[in-house]
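Only one structure is covered here, and it is reproduced in the block below.
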Amino acid sequence: MSRAQRLCLLGSLYLVTNIGFSFFFLTLSTILLNQGLALEAVAAVNLLGIIYFAKFLAAPLVDRLGVARIGHYRGWLVSTQLALIAAFGALALLDPHNQLAAVLAVTTVVLVFSMLHDVALGGLALRLLPPAEYGTANGLIVASGSASMLVGSGGALMLYGHSGWAITLSALAAVYLLPLGLLLWMREPAAAAAVQADRFWPTVRGFFRPPRTTWTLLIVPLFGSGVWLANAPIAAMLLDAGWSVGQVGLTQMIATSCQALIAVAAGRAISQCGMSRSVVVIGVASVCAVIGLLPLSAGHAAVVPTIAALIAMGAVWVASLTWFSVVSMRLARAESPSTDYSVPMSIEAICVTLVGSAGLALAGVIGFGWLIGAAVILMMAGTVVAVRWARLQERIPVS
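Each number in my numbering comes from the position in the sequence shown (counting from 1) with 2 added on.
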């Protein structure tokens, strides 16, 4: 498979990877807030997203279990996409206002299969990509993931405002049909090494060695927390300032549309500049972007400044995510690619869930302004620690 074919295939597959995740955290949450559900209740609902913690256990299983005849990770991707089509189709038949419990139950199924799809896709990416392409490929991957977020969030909200729940969920189900043709066409390369059944737990334990432990349990959570905390109440702040659901969805679409170019540029910059110089730029930009939310937190939501602030937040979000993805790939072992890539990225997803839920709950208690102020302090601390770690890591080989 040529470089262009690899990038085209991965870019197409990542176009659907975040639909379930973004629908749950952005679209469904905004719909529930608009229906009058309290911030604290929506924060509690968002805790369902902790199911992404299962990546930690699911990744070794995905690495080990598969059908070689149809392709190890290809088989996982086809089956999970079919399951997601069925789940979104089932959601289309429900009413989120009168059947909230059933909606949350089926949405949990969506999260489970989205998680498995994400794990398998990470393994396939590491199987297809040579290390020299990690920077460029991750820029494209995050750009496609941003487009996927756009489909599941802003796009879904706009369609919901125009056509209602059933058509929106049916459209999301239909999007998953697009990558199936590429999956049927592709031929997956054979594995260089496989995780054997009796090596399951040693594989998991083997992940937690320096520098992977520090990266996963300290750098990823600390460096990302400032942006995650500031991002959590954005929809609530916009609604509180008098914006409609349709306006919120359109603004999210504009901000997310800019993320694709930022992700591609970030991937190239990380490849050319290295880890430490890249994280300095991303960290400083993130501090500035979070500070830019202070007017909105005070209720000042003029259209142009607000859209500019949200574009800046989206830009630093995807730049950070690209950096996380590139470094996680560099630290992965050849014999367990899904495990070594999915563990830090699942920690990232867990922290997004926990910090986002805590942020919404805190916003209802201390107010938006204090929350954004706390996010600025977190971002400053995370940048200092991440830069020191990256500079050290560039001088020490991975073990």
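C-beta atoms are modelled at their ideal positions from N, C-alpha and C, and glycine is treated no differently. Keep in mind it's a predicted model, so treat the numbers as computed, not measured.
- Distance from the CA atom of Ile53 to the CA atom of Glu42, rounded to whole angstroms, is 19 Å.
- For Glu350, the enclosing alpha helix (DSSP H) starts and ends at Pro339 to Ile368.
- In the structure shown, Ile72 falls within a coil segment according to DSSP collapsed to helix, strand and coil.
- Fewer than three Cβ pairs drawn from the region 103–122 and the region 226–241 lie within less than 8 Å of each other, which leaves the two stretches out of contact.
- In the same chain as Cys290, and ignoring 5 residues on each side of it, the C-beta atoms closer than 8 Å to its own belong to Ala314, in chain order.
- Contact between Gly22 and Leu126 is absent: CB atoms are separated by about 18 Å, not below the 8 Å threshold.
- For Met381, the CB contacts under 6 Å within the same chain, skipping 5 residues up- and downstream, are Gly228, Ser288, Val289 and Val292 in chain order.
- By the criterion of a C-beta distance shorter than 8 Å, Leu50 is surrounded in its chain by Phe26, Leu106, Thr109, Thr110 and Leu113, once the five residues flanking it on both sides are discounted.
- Across the set Met347, Leu362 and Gly384, the C-alpha of Met347 shows the shortest separation from the C-alpha of Phe55.
- For Gln7, the enclosing alpha helix (DSSP H) has its first and last residue at Arg5 to Leu15.
- Going by C-alpha positions, Leu182 is about 35 Å away from Gln37.
- Distance from the CA of Ser344 to the CA of Gly251, rounded to the nearest whole angstrom, comes to 30 Å.
- DSSP places Ile272 inside the alpha helix (DSSP H), whose first and last residues are Val247 to Cys275.
- Rounded to the nearest angstrom, the Cβ distance from Leu17 to Ala149 is 6 Å, consistent with a contact under 8 Å.
- Its Cα nearest to that of Leu59, the residue Val121 stands out among Thr308, Val121, Ala175 and Ser246.
- Rounded to the nearest whole angstrom, the C-alpha separation of Val286 and Glu135 is 26 Å.
- The Cβ atoms of Gly316 and Thr355 lie no closer than 8 Å to each other.
- In this structure Gln101 is exposed. Its beta-carbon is surrounded by fewer than 16 other beta-carbon atoms within 10 angstroms.
- Given a length threshold of 4 residues, each whole run of the alpha helix (DSSP H) inside the region 33–120 is given here in chain order: 41–48, 57–66 and 74–94.
- With a cutoff of 8 Å on beta-carbon distance, Val328 and Asn140 are scored as near each other.
- Distances from the alpha-carbon of Val305 to those of Ser246, Gln261, Gly358 and Asn233 put Ser246 closest.
- The beta carbons of Pro62 and Thr341 sit about 5 Å from each other, so the pair counts as a contact at 8 Å.
- Going by beta carbons, Thr29 and Ser155 fall inside the 8 Å limit.
- Counting only residues of its own chain and dropping the five nearest sequence neighbours on each side, Phe370 has a CB closer than 7 Å to the CB of Pro235, Met239 and Ser299.
- The Cβ-Cβ distance between Val320 and Ala265 falls below 8 Å.
- Under the three-state reduction of DSSP output, Phe210 falls in the coil class, being neither helix nor strand.
- In the structure shown, the three-state DSSP call for Arg189 is coil.
- In the structure shown, the three-state DSSP call for Val18 is coil.
- Here Glu396 carries a coil assignment [DSSP, helix/strand/coil].
- Rounded to the nearest whole angstrom, the C-alpha separation of Arg211 and Thr385 is 23 Å.
- Its chain contains Ala60, Val64, Trp78 and Thr82 as the residues whose beta carbon lies nearer than 8 Å to that of Leu118, once the 5 sequence neighbours on both sides are disregarded; these appear in chain order.
- Using a 10 angstroms sphere on the CB of Ala365, the tally of other CB atoms reaches 16 or more, which defines it as buried.
- Within its own chain, the residues whose Cβ lies closer than 7 Å to the Cβ of Leu152, once the five positions on either side in sequence are excluded, are Met255, Thr258 and Ser259, listed in chain order.
- When DSSP states are grouped into helix, strand and coil, Ala310 belongs to the helix group.
- Exposed is the label assigned to Ser165, since fewer than 16 other Cβ atoms lie within 10 Å of its Cβ.
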